[in-house]
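Asks: Top line first, the protein sequences correspond to chains L and S. When you line the first sequence up against the working numbering, it's residues 1 to 171, in that order. When you line the second sequence up against the working numbering, it's residues 1001 to 1171, in that order. The beta-carbon is built from N, C-alpha and C at its ideal position, and this holds for glycine as well. The model shown is predicted, which means the values in this text are computed figures rather than measured ones.
Number of protein chains: 2
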Amino acid sequence: MKYGIAIFPSKKIQDEANSFRKRYDPHYALIPPHVTLKEPFELEEDQINDLIQELKEIAKHTSPFKLEIKKVSSFSPVTNTIYLKVEPVPELMKLNERLHSGNVLPQEQTYSFVPHITIAQKLSHDEYSDVFGSLKMQEFNFEQTVDRFQLMYQLENGAWTVHETFTFGQE
Amino acid sequence: MKYGIAIFPSKKIQDEANSFRKRYDPHYALIPPHVTLKEPFELEEDQINDLIQELKEIAKHTSPFKLEIKKVSSFSPVTNTIYLKVEPVPELMKLNERLHSGNVLPQEQTYSFVPHITIAQKLSHDEYSDVFGSLKMQEFNFEQTVDRFQLMYQLENGAWTVHETFTFGQE
């Protein structure tokens, strides 16, 4: 089974992200707007209980942190993905690190962690220039407290279903 | 905010349901296949913590139960919704009842509870007859254990995001 770990921001931020994703993100229908904490990974289903124990332990030792969005950025020239930049506060960066340690959680991390909420991807070059050109000058001003992350699994159609929520500082 | 409570069945059942939903259910992209335990309800955001306490209490007193699917059925002539019929085992029916009691959870229930996973809705009359005609003779044979339900909230685009998972028999 393919699993992934993400934070779903507040409804307000999700609604804002969706106003762009609707037009510019082909993954719009597969998952609500999110911050990926760990890239999708394969795991045998009989390991799921061990995985959940590790995630509970990690959540227990994580404190709620502030999620702040001030601007839009892009992964160009690597890809033309446009995203709401999430400020890399220490507790969020530490959470990402913890999710790449342990016995069951795969430890490889292909890219360095740049916390973000994707709002556009797989655009043509011209479309990318238009959209990013108009968004990069805009100011955004979102702030919320994050106190949980979610373990999801992927269906055959590419969509994601939440398996379990892990709340910070709890058993 | 609009909230809803549902069970997401196993990946296997979700994949099966999606093979129909993809063509026959306009809600396909808004939420993965699910058993609705409680119809969407409005709640002020400052009541969410009380709601979660009630749901934890209900989950704690619910035992895991068997979810069994043997056939397809339909709400015709009320609506032409087609669904995978979920056997109404006592623990599931009791869970639905409990979700309509308490102080925060709205108690009204418009329809009597018929546990189901929708696979087709809002079809034209002819389409409905075709699809239901070919599915109603088919045997289905799915069985799994359910040990959790999910509290979701609805975004402006109609899609649902999971807020929290409640596992049976746990604090």
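Where does methionine 93 (chain L) fall in DSSP's three states?
Replies: On the first sequence, residue 93 (chain L) is found 93 positions in, with the first residue counted as 1. Of the three classes helix, strand and coil, the one that applies to methionine 93 (chain L) here is helix, per DSSP.
Asks: So, helix, strand or coil for leucine 1030 (chain S), using DSSP?
Replies: If you number the second sequence from 1, residue 1030 (chain S) lands on position 30. The answer is coil: DSSP assigns leucine 1030 (chain S) none of H, G, I, E or B.
Asks: Answer yes or no: do proline 26 (chain L) and leucine 1155 (chain S) have a C-beta to C-beta separation smaller than 8 Å?
Replies: Translated into positions along the first sequence, residue 26 (chain L) becomes position 26. Translated into positions along the second sequence, residue 1155 (chain S) becomes position 155. Result no, Cβ atoms of proline 26 (chain L) and leucine 1155 (chain S) do not sit closer than 8 Å.
Asks: Can you tell me whether DSSP reads glutamine 47 (chain L) as helix, strand or coil?
Replies: As a first step, residue 47 (chain L) is located in the first sequence; it is residue number 47 there, counting from the start. Glutamine 47 (chain L): helix per DSSP, three-state reduction.
Asks: Report all residues from its chain with a CB closer than 6 Å to the CB of glutamate 68 (chain L); omit the five preceding and five following residues, and keep chain order.
Replies: Residue numbering aside, residue 68 (chain L) sits at position 68 when the first sequence is read from its first letter. Cβ within range, chain order: Glu87 and Glu143.
Asks: What are the start and end residues of each continuous beta strand (DSSP E) run of 3 or more residues lying completely inside the stretch 1142-1169 of chain S, in chain order?
Replies: Taking only runs of at least 3 residues, the beta strand (DSSP E) segments lying wholly in the stretch 1142-1169 of chain S are 1142-1146, 1148-1154 and 1160-1167.
Asks: In the DSSP assignment, what are the bridge partners of histidine 1116 (chain S)?
Replies: For the purposes of this step, residue 1116 (chain S) is taken as the residue at position 116 of the second sequence. Partner(s): S:Lys1085.
Asks: Out of L:Phe166, L:Glu127 and L:Glu164, point me to the one whose CA is closest to phenylalanine 20 (chain L)'s CA.
Replies: Here the question's residue 20 (chain L) lines up with position 20 in the first sequence. Per the Cα distances, L:Glu127.
Asks: For histidine 61 (chain L), is the beta carbon positioned less than 7 Å from some heavy atom of the ligand ZN?
Replies: Among the components modelled here there is no ligand, and therefore nothing to report on the ligand ZN.
Asks: Given this structure, state the Cα-to-Cα distance separating lysine 1085 (chain S) from tyrosine 1028 (chain S), to the nearest angstrom.
Replies: Counting from 1 along the second sequence, the entry for residue 1085 (chain S) is found at position 85. Counting from 1 along the second sequence, the entry for residue 1028 (chain S) is found at position 28. Roughly 18 Å between the two C-alpha positions.
Asks: What are the start and end residues of the beta strand (DSSP E) that includes tyrosine 1024 (chain S)?
Replies: Start at 1 with the first residue of the second sequence, and residue 1024 (chain S) comes out as number 24. Run containing tyrosine 1024 (chain S): none in the beta strand (DSSP E); it sits in the alpha helix (DSSP H), 1011-1024.
Asks: Return yes when the Cβ of alanine 1159 (chain S) is within less than 8 Å of the Cβ of tyrosine 1024 (chain S), no when it is not.
Replies: Residue numbering aside, residue 1024 (chain S) sits at position 24 when the second sequence is read from its first letter. Residue numbering aside, residue 1159 (chain S) sits at position 159 when the second sequence is read from its first letter. Against a cut-off of 8 Å, the Cβ pair of alanine 1159 (chain S) and tyrosine 1024 (chain S) comes out as no contact.
Asks: Near threonine 1036 (chain S), which residues of its chain fall below 6 Å by C-beta distance, leaving aside the five closest residues on each side in sequence?
Replies: As a first step, residue 1036 (chain S) must be located in the second sequence, where it is residue number 36. The answer, listed in chain order, is Ala1006.
Asks: Kindly list the residues whose CB is nearer than 6 Å to the CB of lysine 122 (chain L), restricted to its own chain and excluding five residues on each side of it in sequence; keep chain order.
Replies: What you label residue 122 (chain L) is simply residue 122 of the first sequence in a count that begins at 1. Pro26.
Asks: Is the number of C-beta pairs between the stretch 47-62 of chain L and the stretch 144-152 of chain L that are closer than 8 Å three or more?
Replies: A contact exists between the stretch 47-62 of chain L and the stretch 144-152 of chain L.
Asks: What residues in the stretch 1148-1167 of chain S bring their beta carbon closer than 7 Å to a beta carbon of chain L?
Replies: Against chain L - using a Cβ distance shorter than 7 Å - the residues of the stretch 1148-1167 of chain S are Gln1150, Tyr1153, Leu1155, Glu1156, Asn1157, Ala1159, Thr1161, Val1162, Glu1164 and Thr1165.
Asks: I'd like to know whether the C-beta of proline 1032 (chain S) is nearer than 8 Å to at least one C-beta of chain L.
Replies: Mapped onto the second sequence, residue 1032 (chain S) falls at position 32. So, interface residue.
Asks: Report the partner residues of tyrosine 3 (chain L) according to the DSSP bridge assignment.
Replies: Taking the first residue of the first sequence as 1, we reach residue 3 (chain L) at position 3. Paired residue(s): L:Phe41 and L:Tyr153.
Asks: In whole angstroms, what separates the C-alpha of leucine 95 (chain L) from that of threonine 110 (chain L)?
Replies: Stepping through the first sequence from its first residue, residue 95 (chain L) is reached at position 95. Stepping through the first sequence from its first residue, residue 110 (chain L) is reached at position 110. Taking the straight line joining both Cα atoms gives about 17 Å.
Asks: Hey, how far is the Cα of valine 89 (chain L) from the Cα of threonine 165 (chain L)?
Replies: Here residue 89 (chain L) refers to the residue found at position 89 of the first sequence. Here residue 165 (chain L) refers to the residue found at position 165 of the first sequence. Going by the C-alpha atoms only, they are around 21 Å apart.
Asks: Quick check: is the beta carbon of valine 120 (chain L) nearer than 8 Å to any beta carbon in chain S?
Replies: For the purposes of this step, residue 120 (chain L) is taken as residue 120 along the first sequence, with counting starting at 1. The question names valine, but residue 120 (chain L) is alanine in the sequence shown. For alanine 120 (chain L), the answer is no, since every Cβ of chain S falls outside 8 Å of its Cβ.
Asks: Using a cut-off of 9 Å between C-beta atoms, extract the partners of aspartate 15 (chain L) located in chain S.
Replies: Residue numbering aside, residue 15 (chain L) sits at position 15 when the first sequence is read from its first letter. Chain S residues near aspartate 15 (chain L): Leu1155, Glu1156 and Asn1157.
Asks: Does DSSP put leucine 135 (chain L) in a helix, in a strand, or in coil?
Replies: Mapped onto the first sequence, residue 135 (chain L) falls at position 135. Helix at leucine 135 (chain L).
Asks: What residue from L:Ile117, L:Gly169, L:Gln138 and L:Asp147 has the CA that sits closest to histidine 1163 (chain S)'s CA?
Replies: As a working note, residue 1163 (chain S) is residue 163 in the second sequence. Out of L:Ile117, L:Gly169, L:Gln138 and L:Asp147, L:Asp147 has the C-alpha closest to the C-alpha of histidine 1163 (chain S).
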